[in-house]
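Engineer: Submitted below is the structure of interest, expressed as C-alpha cells.
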Amino acid sequence: MKAIHTDNAPKALGPYSQAIKAGNMVFCSGQVPINPETNNFVEGGIKEQTRQALLNAQNILRQAGLELSNVVKTTVFLSDMNDFVAMNEVYAEFFSMPYPARSAVAVKTLPKNALVEIECIAVAE
Numbered sequence: 032m033k034a035i036h037t038d039n040a041p042k043a044l045g046p047y048s049q050a051i052k053a054g055n056m057v058f059c060s061g062q063v064p065i066n067p068e069t070n071n072f073v074e075g076g077i078k079e080q081t082r083q084a085l086l087n088a089q090n091i092l093r094q095a096g097l098e099l100s101n102v103v104k105t106t107v108f109l110s111d112m113n114d115f116v117a118m119n120e121v122y123a124e125f126f127s128m129p130y131p132a133r134s135a136v137a138v139k140t141l142p143k144n145a146l147v148e149i150e151c152i153a154v155a156e
C-alpha cells in the first residue's frame with residue numbers, strides 16, 4: 032500500500048490518508064467542499080459544494096496518475112436528500128459514459144456541517 036497526498040486537496044482532518052493506492056486501485060477518502068487554498072468551505076450551496084468535493088477528488092486522483100474516468104465507484108453522502116437533483120446536475124459535469132457505479136445516501140451530519148461528501152474508488156487500466 033502507498034499513501035497518496037497532494038496539496039491540491041484539503042489536508043486530512045484526522046488519522047487517515049487522502050487516498051491509498053493498493054495494486055492498480057486507488058481508494059479516495061471522502062472529500063468535503065474545502066478549498067485547499069483557503070482551507071475553508073467554498074461559498075454557496077449544494078452545487079458549489081459538490082463541485083469542490085469533486086475537484087478535490089480529481090486532484091487526488093491526478094496525484095496518483097489517474098483521472099475521474101478511472102473511477103469505478105462513488106459514494107455520495109448528503110446532509111439532505113432534497114439536494115439530490117442539484118448535486119446530480121453538477122456530478123454529471125464530471126463523469127461521462129460509462130458512468131461509475133454510485134450510491135447516494137442521506138446522513139444526519141457531515142464533517143464541519145458540509146452539505147455533501149464524496150468518496151471514490153478508481154482503477155488504473
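Position one of the sequence shown corresponds to residue 32 (our numbering), numbered consecutively onward.
C-beta: ideal position from N, C-alpha, C; glycine also.
#1: Where DSSP assigns a beta bridge to Ile35, which residues make up the other side?
#2: Would you decide whether Asp114 is buried or exposed? Buried here means 16 or more other CB atoms lie within 10 Å of its CB.
#3: Rounded to whole angstroms, what is the Cα-Cα separation between Arg93 and Gln62?
#4: Does the separation of the CB atoms of Ile77 and Ala137 fall below 7 angstroms?
#5: Can you give, in chain order, each stretch of the alpha helix (DSSP H) that sits fully within the segment 77 to 139 and has at least 4 residues?
#6: Measure the alpha-carbon distance for Leu141 versus Ser110 and round it to whole angstroms.
#7: Just to confirm the assignment, what range does the beta strand (DSSP E) spanning Val154 have?
#8: Which word fits Lys52, buried or exposed, when buried means at least 16 other C-beta atoms lie within 10 angstroms of its C-beta?
#9: Drop a sphere of 10 angstroms on the beta-carbon of Glu162, count the other beta-carbons inside from all chains shown, and report buried for 16 or more, exposed for fewer.
Structural biologist: Reading it off the structure:
#1: If you number the sequence shown from 1, residue 35 lands on position 4. According to DSSP, which records beta bridges pairwise, Ile35 is partnered with Ala50.
#2: As a working note, residue 114 is residue 83 in the sequence shown. That one is buried.
#3: Counting from one through the sequence shown, the residue named residue 93 turns up at place 62. Counting from one through the sequence shown, the residue named residue 62 turns up at place 31. If I take the Cα positions, the gap works out to 15 angstroms.
#4: In the sequence shown, residue 77 corresponds to position 46, counting from 1. In the sequence shown, residue 137 corresponds to position 106, counting from 1. Their beta carbons are not under 7 angstroms apart, which means Ile77 does not touch Ala137 by this criterion.
#5: 77 to 94 and 115 to 125
#6: Sequence index remark: in the sequence shown, residue 141 carries index 110 (1-based). Sequence index remark: in the sequence shown, residue 110 carries index 79 (1-based). Their Cα atoms are separated by approximately 7 angstroms.
#7: Against the sequence shown, residue 154 aligns to sequence position 123. Taken as a continuous stretch (DSSP letters only), the beta strand (DSSP E) holding Val154 covers Val147 to Val154.
#8: The residue labelled residue 52 in the question sits at position 21 within the sequence shown. Lys52 should be labelled buried.
#9: The question about residue 162 has no answer, for the chain in this structure spans 32 to 156.
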